[in-house]
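Trainee: I'd like to ask you about the structure that follows.
There are 2 protein chains.
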Amino acid sequence: MCGIVAYVGHREACPLVLKGLKRLEYRGYDSAGVALLNGEGLNVYKKKGKVADLEKELAGKELTATIGMGHTRWATHGEPNDINAHPHYSDNGKLAIIHNGIIENYATLKENLIRKGHEFRSQTDSEVLIHFIEEIQKHTCCSLEEAVRQALQEVVGAYAIVVMSEDDPTQLIAARKGSPLVIGVGDGEFFMASDATPIIEYTKDVVYLNDYEVAVIKDGELKVMTLDNTQTTPYIQKVELELEAIEKGGFDHFMLKEIFEQPRSIADSMRGRVKADEGHLVLGGLRDYLDQLASSKRIVIVGCGTSWHAGLVAEYIFEELARIPVEVEYASEFRYRNPIIAERDVVIAISQSGETADTLAAIELAKSKGATIFGVCNVVGSSIARATHAGAYTHAGPEIGVASTKAFTAQVTVLTLMALSAAKRKGTISDTLFRQLLAELEALPAKVEKVLEGAERIKEIAYIFTYARNFIYLGRGLNFPVALEGALKLKEISYIHAEGYPAAEMKHGPIALIDEDMPVVFIATKDSSYEKVVSNIQEVKARKGRVIAIATEGETQLQSMVDFVIEIPKVHDILMPLISVIPLQLLAYYVAVMRGRNVDQPRNLAKSVTVE
Amino acid sequence: MCGIVAYVGHREACPLVLKGLKRLEYRGYDSAGVALLNGEGLNVYKKKGKVADLEKELAGKELTATIGMGHTRWATHGEPNDINAHPHYSDNGKLAIIHNGIIENYATLKENLIRKGHEFRSQTDSEVLIHFIEEIQKHTCCSLEEAVRQALQEVVGAYAIVVMSEDDPTQLIAARKGSPLVIGVGDGEFFMASDATPIIEYTKDVVYLNDYEVAVIKDGELKVMTLDNTQTTPYIQKVELELEAIEKGGFDHFMLKEIFEQPRSIADSMRGRVKADEGHLVLGGLRDYLDQLASSKRIVIVGCGTSWHAGLVAEYIFEELARIPVEVEYASEFRYRNPIIAERDVVIAISQSGETADTLAAIELAKSKGATIFGVCNVVGSSIARATHAGAYTHAGPEIGVASTKAFTAQVTVLTLMALSAAKRKGTISDTLFRQLLAELEALPAKVEKVLEGAERIKEIAYIFTYARNFIYLGRGLNFPVALEGALKLKEISYIHAEGYPAAEMKHGPIALIDEDMPVVFIATKDSSYEKVVSNIQEVKARKGRVIAIATEGETQLQSMVDFVIEIPKVHDILMPLISVIPLQLLAYYVAVMRGRNVDQPRNLAKSVTVE
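Here the protein sequences line up with chains H and E, keeping their order. If you're matching positions, the first sequence starts at 1 in UniProt numbering and goes up one per residue. If you're matching positions, the second sequence starts at 1 in UniProt numbering and goes up one per residue.
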């Protein structure tokens, strides 16, 4: 996690860096800091809290500088406070570093440095790294870039770093392994950031730094080399991101904006891919690998958090339509086992940011075992998109709210298209059903719109449950992962302990939690498991639980049985999660707002998890 | 759920039935009742609450009778109260029924009966059934046994029932489908019950009624026939259960007794199967099917609750040792999909009671698709044990506490033995490792004993967290399912909302819940994922969470990092769950006791879930 920004050129660095940090706050926001270099020397200003708190702290200070860097933090080592905030100085104060990632062997390095007389101000692993660089430079009298390279060869872990030195006001040195870093190339000026959003106002020409590469900007020139000092030619590409896509557009929060964008984002994820009237479905990124997908003996899906939930939905769909056994794994668990990957096994990796560290590591492991990897990412050109053999972008547009919403529905849509393509190729789906599902997919955005029209009703229900301490979410079949996702949303932004379960598992333990204080959200749509879900509702009502049911419109049986009904339009069972998840997103959003939570930047979280 | 008991013979029925119900309270205990037939007619006495409450209610009443029946309930339809308690009368009050199960089409039947003038006192499905039987008898003038048979042919659902009639003080009519029923055959007397525990004091000769069978006891004779009226010969067998095995033996609760029995129950589950010094491992029940297991292309494990957790542990072990891909499914989810079962796929079903309705249904589905089914059950002769092709009993002895403890460790032990057998046969395990694991298995009971010696320390920690509102349990690899199991134990008996997660998933959402009020239990034993777990602990400590770590003895790094350390002996990674789960069982137990909970009979729960 953590967001980093750096600038060198002719503009005022401080406001530019601060503005960039605000764009990156989705990556972490428990403390922030900047380093500026000018006639006064190399000065670091930092503060616990959000970038806005840092900004207040800086108000009125004389901060003119044309080179600087900044950091917004998601704590891994050491609690969030002023001292642990970045940038960190070296021992003599002449070097400063910002770092995104984890240095796993920092304890050993730190011990050695302490023995050599280094004193540390913070508990962070990052401070250890800059001291280590300083020590190498002092010891071997080499250049700073050489010291950075040598230091990084000793480091175990993941990082994107930028280093500044008091001795050279034209120089920024950056490097990455595992954490993303984009370099913006302007006219006599350079930008660096964790993603392109702080850069696009100034230039669309960017270089994505690769793992094990070091970038040195010095005297207006950019040089890229590998850790073992082989020079490489930086590949400059155009970034296709527009400014308005990353601003709020009249909504109170990015999350709400993104929930309401879903009719469009779902449509975007199908654009150019589906033509129902012609029975046409093409996923360009899959074309050369579709046979491999369709003939696979087993699919392993890896992901984390919301992406893992999208994987669980996809499991049902692939098994049902394409008759291929699917296993869904937590990326973090998969990568530390010795997983069984056989010939003709396919791995699908899901990640909104395309930078999720655990998922990326899972891909590398699966690749090393000879698997074919498909990626489902939202961010074009991201590490995961580049690491996979084939894939399909979700095209949901930038997602800024930390709690994922439109990325989830776009992931499920794209995975459904993949399953349909495989089923069609394999011949496991009838032409009638294939065409029916394509038609229903095309009609889906309008139905999502209809669910969104009911937002006021959901807001009223949210009001009633504002002060609930716990929540349980239950569903069966395709709606079981939706229950997990609904619970996760509430957890993330309201800090209410919410948990999802397959409805029938409740009686094997969790039902002990049910009493008159416990709200239970049932996804009880009219599908093949409807009658069974109704039995489960009765078991909860018999224990006086308060039930909110997500039901298919026109449904009457539930009205008298439960406390609150939220109606959603009828769709084919296979597509139900795309509709049934929407009210749960809204419910979580409104509860969190009423509790006064910072919806877009919930505590402790970060948008893209680039540490393990 | 629900427990049923009935008696006809020469003894006093009422105390015998009440004593039997107490033995069955693990099956449900939200209300209880008895029906007694004597010169005064057919009288029903019932009460919300436990059997002890009913007993108080009955004190001082004149209740002499030599035929009677009783019921302890776990509510499915209608809240637990006096009226919904069983037995239920027919419309004219001349018939009474006790029922365990669910009548799914009760609403339709009820509507028809109301139209015919029936009046219902309760909201239960069971009352509908006895009215329906009465209606058939009245309408067709047939015998009661004929009316029962006809009624059951119309019924959709699961049941074990006993029916009594005011007209015949020598007659009990019973039937089963899906819910268990045992008939004890004495000298001129008969017993009926949901399991053998109420019977063994009086006779060891029992008949296990099969699905779709009706038993009629009349004038001292037992007759068994099928629903379509073909007479069958009841198979009388000896039950091998001793009385002391089902009593508390000096412990405050069955759960505590069962936790402390684990050194013995784990040893029992290996007895006669493992001889480490000879490198010998034989599972008798597997012998004819071992090749099939070892050569399987894919294993699907099905279970519910704690058994599902045992399945997750087994997934790691089978994949690691035998290199067979394993998928673990909730039985309730598996059975309502169209699961993909290919040739050479094997299904392993896990259930303590061997009566779990969802697991039984999953087995039937898998069988219909041609899979070979292995069972891992604790109760000998149970429905699941009989429905599978092969299997291994866990031999943990009767488990009475509703929260499963010794059954879990016995399941994991037996599944480990199965994986070792398969690996050995397949040649995927070295002889050295095979012998090492056998030796470590033999040494395991002594190590469990050592963990149990630390119970006082765990009690102290439990005291500190008595009033916690929430808990999070985290582990990686084999300890991830242990985290789930630890959380489930606490949930079940203390009603604290506890949730388990793979440690690395925390930062994808649940970490938002962490603040200084949140206790987090980490299973941080010295194994291959230890370093990564330490990083996750630091992430939690950085947010001021209170950390209890289960650590390997001699470990020093964690002492300064976390709030409380519970040390456990070192074992091979593969066997770790068998040790690491023990402190979590104790922690849950002591927290629940300090909160004043009814540990052996937590609210809303029942031991064996024989409804869907």
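Where is the CB? At the ideal position from N, CA and C, for every residue including glycine. From a predicted model like this one, the values you see are computed outputs, not experimental measurements.
Can you list, in chain order, the residues of its chain with a C-beta nearer than 8 Å to that of H10/E? Leave out the 5 residues immediately preceding and following it.
Mentor: One-based indexing of the second sequence puts residue 10/E at position 10. The residues are T66, G188, E189.
Trainee: Would you say I317/E and E355/E are within 8 Å of each other, going by their C-beta atoms?
Mentor: Sequence index remark: in the second sequence, residue 317/E carries index 317 (1-based). Sequence index remark: in the second sequence, residue 355/E carries index 355 (1-based). Not in contact: I317/E and E355/E (Cβ atoms no closer than 8 Å).
Trainee: Got a sec, what are the start and stop residues for the alpha helix (DSSP H) H131/H sits in?
Mentor: Locating residue 131/H in the first sequence gives position 131, where the first residue counts as 1. Note, H131/H: alpha helix (DSSP H), 125 to 140.
Trainee: Tell me whether Y467/H is buried or exposed, calling it buried when 16 or more other Cβ atoms sit within 10 Å of its Cβ.
Mentor: Here the question's residue 467/H lines up with position 467 in the first sequence. With fewer than 16 other Cβ atoms within 10 Å, it is exposed.
Trainee: Quick check on P325/E: does DSSP put it in helix, strand or coil?
Mentor: One-based indexing of the second sequence puts residue 325/E at position 325. Of the three classes helix, strand and coil, the one that applies to P325/E here is coil, per DSSP.
Trainee: Indicate whether G285/H and A349/H have their beta-carbon atoms separated by less than 8 Å.
Mentor: By one-based count along the first sequence, residue 285/H stands at place 285. By one-based count along the first sequence, residue 349/H stands at place 349. It is not a contact, given that the beta carbons lie outside the stated cut-off.
Trainee: Does DSSP put K275/E in a helix, in a strand, or in coil?
Mentor: Residue numbering aside, residue 275/E sits at position 275 when the second sequence is read from its first letter. In this structure, K275/E counts as strand in the three-state DSSP scheme.
Trainee: Who are the Cβ neighbours of V207/E in its own chain at under 6 Å, not counting the five residues just before and after it?
Mentor: Residue 207/E sits at position 207 when you count from the first residue of the second sequence. For V207/E, where only same-chain residues beyond five positions count, the Cβ hits under 6 Å are I183, P234, I236.
Trainee: In this structure, what does DSSP give as the bridge partners for S31/H?
Mentor: Reading the first sequence from its first residue, position 31 is the one you call residue 31/H. Per DSSP, K48/H, R73/H.
Trainee: If you check the beta carbons only, do R425/E and G279/E fall under 8 Å apart?
Mentor: Counted from its first residue, the second sequence places residue 425/E at position 425. Counted from its first residue, the second sequence places residue 279/E at position 279. No.
Trainee: Residues of chain H with CB closer than 9 Å to the CB of R476/E, please, in chain order.
Mentor: Counting from 1 along the second sequence, the entry for residue 476/E is found at position 476. Here the neighbours are S332, E333, Y336.
Trainee: Would you list, in sequence order, the uninterrupted alpha helix (DSSP H) runs of no fewer than 4 residues that lie entirely inside the segment 219 to 263 of chain E?
Mentor: Considered as a whole, the segment 219 to 263 of chain E harbours 254 to 260 as its complete alpha helix (DSSP H) runs of no fewer than 4 residues, in chain order.
Trainee: What does the Cβ neighbour count give for R469/H, buried or exposed, with the cut at 16 atoms within 10 Å?
Mentor: Mapped onto the first sequence, residue 469/H falls at position 469. The residue is exposed, with fewer than 16 neighbouring Cβ atoms inside 10 Å.
Trainee: Grab the span of the beta strand (DSSP E) containing C377/H for me, first residue to last.
Mentor: If you number the first sequence from 1, residue 377/H lands on position 377. Here the beta strand (DSSP E) through C377/H covers 372 to 377.
Trainee: Ends of the beta strand (DSSP E) at E567/E?
Mentor: Along the second sequence, one-based indexing puts residue 567/E at 567. It spans 564 to 568 - the beta strand (DSSP E) in which E567/E sits, taken as one unbroken run.
Trainee: From D527/E to A193/H, what distance separates their C-alpha atoms?
Mentor: As a working note, residue 527/E is residue 527 in the second sequence. As a working note, residue 193/H is residue 193 in the first sequence. If you take the alpha carbons of D527/E and A193/H, they lie about 37 Å apart.
Trainee: If we cut at 8 Å on Cβ distances, does residue 613/H have a partner in chain E?
Mentor: Chain H is shown from 1 up to 612; residue 613/H falls before or after that span and cannot be answered.
Trainee: Can you check which of these residues, H395/E, I568/E, K447/E, E327/E, is closest to S351/E by C-alpha distance?
Mentor: By 1-based counting over the second sequence, the position of residue 351/E is 351. The option with the nearest alpha carbon to S351/E is H395/E.
Trainee: At a Cβ threshold of 8 Å, is R543/H touching chain E?
Mentor: Here the question's residue 543/H lines up with position 543 in the first sequence. Chain E contact via Cβ: present.
Trainee: Does the segment 570 to 582 of chain E come within contact of the segment 513 to 529 of chain E, defined as at least 3 CB pairs closer than 8 Å?
Mentor: yes
Trainee: How about the segment 471 to 480 of chain E and the segment 574 to 590 of chain E: do they share at least three Cβ pairs that are nearer than 8 Å?
Mentor: yes
Trainee: Can you list, in chain order, the stretches of the alpha helix (DSSP H) that have 4 or more residues and sit fully within the segment 460 to 547 of chain E?
Mentor: You should have 479 to 494, 530 to 542.
Trainee: Only counting runs of 3 or more residues, tell me where the beta strand (DSSP E) segments fall wholly within the segment 296 to 365 of chain H, in order along the chain.
Mentor: 298 to 303, 326 to 330, 345 to 351
Trainee: Would you say K61/E lies against chain H (beta-carbon separation less than 8 Å)?
Mentor: In the second sequence, the residue the question calls residue 61/E occupies position 61. By this cut-off, K61/E is not an interface position.
Trainee: How would you list, in chain order, the residues of chain H whose beta-carbon sits under 7 Å from the beta-carbon of Y495/E?
Mentor: Residue mapping note: residue 495/E aligns to position 495 of the second sequence, counting from 1. Per Cβ cutoff of 7 Å: A512, L513.
Trainee: Please state if the CB of I136/H and the CB of Q150/H are separated by a distance shorter than 8 Å.
Mentor: Taking the first sequence and counting its residues from 1, the one referred to as residue 150/H is at position 150. Taking the first sequence and counting its residues from 1, the one referred to as residue 136/H is at position 136. Yes. Within cutoff.
Trainee: In this structure, what does DSSP give as the bridge partners for N92/H?
Mentor: Working through the first sequence from its first residue, we reach residue 92/H at position 92. Per the DSSP secondary-structure output, N92/H pairs with nothing in a beta bridge.
Trainee: Kindly list the residues whose CB is nearer than 6 Å to the CB of K50/H, restricted to its own chain and excluding five residues on each side of it in sequence; keep chain order.
Mentor: Translated into positions along the first sequence, residue 50/H becomes position 50. Only Y29 meet the Cβ criterion.
Trainee: Between the Cα of A403/E and the Cα atoms of D268/E, V282/E, L584/E, Y212/E, which residue gives the shortest distance?
Mentor: Within the second sequence, the letter at position 403 stands for residue 403/E. If we check each option's Cα against that of A403/E, L584/E comes out closest.
Trainee: Which of the three DSSP states is assigned to E213/H in this structure?
Mentor: Position 213 of the first sequence, counting from 1, holds the residue named residue 213/H. In this structure, E213/H counts as strand in the three-state DSSP scheme.
Trainee: Within 10 angstroms of the Cβ of L243/E, are there 16 or more other Cβ atoms? Answer buried if so, exposed if not.
Mentor: In the second sequence, counting from the first residue as 1, residue 243/E sits at position 243. Its Cβ having fewer than 16 others within 10 Å, L243/E is exposed.
Trainee: Helix or strand or just coil, what does DSSP make of Y7/H?
Mentor: If you number the first sequence from 1, residue 7/H lands on position 7. Correct three-state label for Y7/H: strand.
Trainee: For a cutoff of 8 Å on Cβ pairs, would you count R121/E as touching chain H?
Mentor: Along the second sequence, read from residue 1 onward, the residue named residue 121/E stands at position 121. Interface annotation, R121/E: not in contact with chain H, CB-CB separation never under 8 Å.
Trainee: Are the beta-carbon atoms belonging to T413/E and H389/E less than 8 Å from one another?
Mentor: Residue numbering aside, residue 413/E sits at position 413 when the second sequence is read from its first letter. Residue numbering aside, residue 389/E sits at position 389 when the second sequence is read from its first letter. At the C-beta level, T413/E and H389/E stay beyond 8 Å of one another.
Trainee: Give a yes or no on whether the minimum CB-CB distance between G78/E and chain H is below 8 Å.
Mentor: Working through the second sequence from its first residue, we reach residue 78/E at position 78. Interface residue, yes.
Trainee: Let me check understanding here. Comparing Cα to Cα, which of S122/E, A549/E, E505/E, S494/E lies closest to I83/E?
Mentor: Walking along the second sequence from the start, residue 83/E turns up at place 83. Nearest of S122/E, A549/E, E505/E, S494/E to I83/E, Cα basis: S122/E.
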